[in-house]
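Novice:
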Amino acid sequence: MDNFLKILSDNPRLSNAQIAAMTGLSEDEVGERIASLEREGVICGYKTVINWEKLEQTDKVTAIIELKVTPRKDTGFEAIAEEIMSFDEVESVSLMSGGYDFSVCVTGRTFQEIALFVAKRLAPIDSVTSTTTTFILKKYKEDGMILSAQSDERGADVL
Amino acid sequence: MNYNDLINRTAHAIPPSGIRRFFDIAAEMEEVISLSVGEPDFLTPWHVRDVAIDSLQKGRTGYSPNRGFTALCREICHYYKRKFDLDYDFSTDVIVTVGGSEAIDLAVRALINPGDEVLVPQPSFVCYDPIARLAGAKAVPIVTHREDEFRLTAEALRECITERTKLLILPFPNNPTGAVMRREHLEKIADVLRETNILVLADEIYSELTYNGQPHVSIASIAGMKERTIVVNGFSKSYAMTGWRLGYALGPKEIISIMTKIHQYAIMCAPTTSQHAAIEALRNGDEDIAKMREEYDLRRKLVVRGFRELGLDCFEPEGAFYVFPSISSTGMTSEEFCEKLLKEKHVAVVPGNAFGECGEGYIRVSYAYSTAHINEALRRIGQFLKEENNSQQLV
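Chains as they are written, first to last, in the working numbering: chain A, 514 to 672; chain B, 3 to 397.
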């Protein structure tokens, strides 16, 4: 099964028939397996990795916000995480070890918009004790993909 | 000066690579998507590169012994014992060379007298014929057929043997067809050769890249064959180390010592940084090979299915990283097909006749590329075939 997931994760644009050829399963079996992995929540979704900086008018700013919180008595970190992840601006939320508690990735159109979002939405949350906002200036690699165009330098005249 | 009169006649007479012109066209084009390259798309495993860097930092930048570092010769012999159950003496039966190519050249030069014949099963890699001719031999092609899964058969071999036959090249797993010789096929070849004085040069450079759970079998491991076989292998394909230029030969010490003598005068020794790296590759590289092989295997199945779906007859290769589909149903020659495909769809593949005349009617497609890349190339080839088909119907 791990191998099956690796194939899916590495080759999201292949058809079920192509995956069937690669795995030795039938096309129907591939379809059923994917459906069941989706139902079980193993496969959470499909996305396209885009290098937004390539577009001429980029109106997308991303920041990583480090949150320190006081865990709540009954629900610990869970309820706080749920509150944070409910905002559309939030791309990802992770509980961290080390110097702070949550790492929150936030996107917006401008630096200002993100600063306001932090001030008006995140900071006021009950149990948040401090926020540190760090803006991303340039992305080099995302989801395992190198974002700059890479050329194949292999010798084309070698057989 | 009239250089033509001064240049060695044999070297002069060897035709330039037929695909040169073709690559020149590709180089001028933009957005070319290529499935033509014969080298891995993986990088040399990091731990191997690291050992090379370390050797440089420690200042190990001198020559090695002519025949290669003893530690490397030992590891090569361990490897052949471990993988193919063959016993070679590290102190006499092995030489480390500049790629497998040099080992082929050395073996041919060590054995050939003018007028000897060298049997070359084709389609096969392009170097055997020129190397044999430069050594003064006559290269005799043996055609392998799609119906025999591009294997060398005992009958075809027997037909080509004459009194002057000195050497049989055995290039399996095969570039460009992907054909392999299993034990039972090798037994039959051995039956023919045991009655003769013919030697075998087994080019096993793709030995790690075999699929369907069938590991490569070396002809040297067939009874009576070790004494008449020179095995050539290297690090380029199995460990993704093409640019390091490192290979080796294993064989009877009487032949290896002559090869070493030629190597000593012509080359001195194989690059030492590469030799340090190769020791690490042999000691700790099995997992890297397994990972790459698994990835190639997935792509292999994808590509075979892709061509069959496009309606081209495609032999299922069991080794190397090429497929060799037939394009004869299009009515075009291999070169016409490749040139037109390149000009109209900007997809580069290699015409089959580059690997011997009998490769006419086929194309070689490398799958040492990402699946996304392969998929896009297949899509364009599909479009191309559809348009060709439509225009033929109009005529």
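Just so you know, even glycine gets a beta-carbon here, dropped at the ideal spot from N, CA and C.
Between Gln-531 (chain A) and chain B, is any beta-carbon pair separated by less than 7 Å?
Specialist: It does: the Cβ of Gln-531 (chain A) has a partner Cβ on chain B nearer than 7 Å.
Novice: Could you name the residues of the same chain whose beta carbon sits closer than 7 Å to that of Ser-266 (chain B), not counting the 5 residues immediately before and after it, in chain order?
Specialist: Per the sequence shown, the amino acid found at residue 266 (chain B) is Gln instead of Ser. Result list for Gln-266 (chain B): Asn-68, in chain order.
Novice: Shorter than 7 Å from the beta carbon of Met-535 (chain A) to some beta carbon of chain B?
Specialist: True, the Cβ-Cβ gap to chain B drops below 7 Å.
Novice: Is it true that the CB of Val-631 (chain A) sits closer than 7 Å to the CB of Thr-644 (chain A)?
Specialist: Yes, they are a contact pair.
Novice: Checking the sheet assignment: what are the DSSP bridge partners for Ile-365 (chain B)?
Specialist: DSSP output for Ile-365 (chain B) lists B:Pro-353 as bridge partner(s).
Novice: So is Asn-524 (chain A) in contact with chain B if we call contact Cβ pairs under 7 Å?
Specialist: Closer than 7 Å: yes.
Novice: From this set, B:Pro-175, B:Phe-357, B:Glu-318, B:Tyr-324, which residue's C-alpha is nearest Ser-336 (chain B)'s C-alpha?
Specialist: The option with the nearest alpha carbon to Ser-336 (chain B) is B:Phe-357.
Novice: Mapping DSSP to helix, strand and coil, what is Lys-633 (chain A)?
Specialist: Lys-633 (chain A) falls in the helix class under three-state DSSP.
Novice: Does Arg-546 (chain A) get closer than 7 Å to chain B when you measure Cβ to Cβ?
Specialist: Chain B contact via Cβ: absent.
Novice: What does Ile-520 (chain A) touch in chain B if you count any residue whose Cβ is under 8 Å from its own?
Specialist: In chain order: Leu-300.
Novice: With 16 other CB atoms within 10 Å as the buried threshold, where does Pro-18 (chain B) fall?
Specialist: Result: exposed.
Novice: Would you check if there are 3 or more beta carbon pairs closer than 8 Å linking the stretch 267-287 of chain B to the stretch 184-202 of chain B?
Specialist: No, they do not touch.
Novice: Is the stretch 118-127 of chain B in contact with the stretch 147-167 of chain B, if contact means three or more CB pairs nearer than 8 Å?
Specialist: With a cut-off of 8 Å, the stretch 147-167 of chain B and the stretch 118-127 of chain B count as touching, because enough Cβ pairs lie within range.
Novice: Exposed or buried, which one is Leu-154 (chain B) when buried takes at least 16 other CB atoms within 10 Å?
Specialist: Flag for Leu-154 (chain B) reads buried.
Novice: Can you pull the chain B residues whose beta carbon is under 7 Å from the beta carbon of Arg-667 (chain A), in chain order?
Specialist: Those within 7 Å of Arg-667 (chain A) in chain B are Val-39, Glu-41.
Novice: Are the C-beta atoms of Lys-303 (chain B) and some chain A residue less than 7 Å apart?
Specialist: Yes, because at least one Cβ of chain A sits closer than 7 Å to the Cβ of Lys-303 (chain B).
Novice: Cα-Cα, which of B:Ala-350, B:Ser-66, B:Ser-330, B:Gly-61 is closest to His-375 (chain B)?
Specialist: For His-375 (chain B), the nearest C-alpha among the options comes from B:Ala-350.
Novice: Note down the Cα distance separating Gly-384 (chain B) from Lys-345 (chain B), rounded to an integer number of angstroms.
Specialist: Each residue's Cα considered, the two are about 15 Å apart.
Novice: Quick check: what's the CA-CA separation for Glu-284 (chain B) versus Lys-347 (chain B)?
Specialist: It is Leu, not Glu, that sits at residue 284 (chain B) in the sequence shown. Cα to Cα, Leu-284 (chain B) sits roughly 42 Å from Lys-347 (chain B).
Novice: For Met-243 (chain B), which residues from the same chain have a beta carbon less than 6 Å from its beta carbon, with the 5 sequence-adjacent residues on both sides left out?
Specialist: Closer than 6 Å at the Cβ level, and outside the excluded window around Met-243 (chain B), lie Thr-46, Phe-237.
Novice: Once the 5 residues before and after Asp-91 (chain B) are set aside, which same chain residues still bring their CB inside 8 Å of it?
Specialist: Cys-79, Lys-255.
Novice: Cβ of Arg-382 (chain B) less than 7 Å from any chain A Cβ?
Specialist: Not closer than 7 Å to any Cβ of chain A, the Cβ of Arg-382 (chain B) fails to qualify, so no.
Novice: Any contact between the stretch 358-365 of chain B and the stretch 319-332 of chain B? By contact I mean 3 or more CB pairs, one from each, below 8 Å.
Specialist: Touching, per the Cβ criterion.
Novice: What residues match up with Phe-615 (chain A) in a beta bridge as DSSP calls it?
Specialist: BP columns for Phe-615 (chain A) point to A:Leu-580, A:Leu-608.
Novice: Please classify Pro-59 (chain B) as buried or exposed, where buried requires at least 16 other C-beta atoms within 10 Å of its C-beta.
Specialist: It is worth fixing the name first, because residue 59 (chain B) is Gln in this sequence and not Pro. It is exposed - the Cβ of Gln-59 (chain B) has fewer than 16 other Cβ atoms within 10 Å.
Novice: Counting C-beta neighbours from all protein chains within 10 Å, is the total for Phe-309 (chain B) 16 or more, i.e. buried, or is it exposed?
Specialist: Per the 10 Å Cβ criterion, buried.
Novice: Can you give me the C-alpha to C-alpha distance between Thr-575 (chain A) and Tyr-559 (chain A), rounded to a whole angstrom?
Specialist: Spanning the two alpha carbons is a distance of roughly 21 Å.
Novice: In chain order, what residues of the same chain lie with their CB nearer than 6 Å to the CB of His-218 (chain B), ignoring the 5 residues before and after it?
Specialist: Answer for His-218 (chain B): Ser-209, Thr-212, listed in chain order.
Novice: For Arg-23 (chain B), would you say it is in contact with chain A, using Cβ-to-Cβ distances shorter than 7 Å as the test?
Specialist: For Arg-23 (chain B), the answer is no, since every Cβ of chain A falls outside 7 Å of its Cβ.
Novice: Going by beta carbon distance, what residues of the same chain come within less than 8 Å of Arg-185 (chain B), once the five residues before and after it are set aside?
Specialist: Val-219, Ile-224.
Novice: Which residue spans inside the stretch 37-113 of chain B form an unbroken alpha helix (DSSP H) run of at least 4?
Specialist: Counting only runs of 4 or more, we get 48-59, 72-86, 101-113.
Novice: Does the separation of the CB atoms of Ile-593 (chain A) and Val-582 (chain A) fall below 7 Å?
Specialist: Yes; because the gap between Cβ atoms is below 7 Å, this pair is in contact.
Novice: Kindly indicate the opening and closing residues of the alpha helix (DSSP H) around Lys-293 (chain B).
Specialist: Looking at the DSSP string, the run of the alpha helix (DSSP H) that includes Lys-293 (chain B) is 288-311.
Novice: Using a Cβ-Cβ cut-off of 7 Å, state whether Arg-160 (chain B) counts as contacting chain A.
Specialist: Chain A contact via Cβ: absent.
Novice: Short of 8 Å in beta carbon distance, which residues of its chain neighbour Ile-269 (chain B), apart from the five on each side in sequence? Order them along the chain.
Specialist: Contacts found: Thr-99, Val-100, Glu-104.
Novice: Would you kindly work out how many angstroms separate the C-alpha atoms of Ala-628 (chain A) and Thr-646 (chain A), rounded to a whole number?
Specialist: Going from the Cα of Ala-628 (chain A) to the Cα of Thr-646 (chain A) covers about 8 Å.
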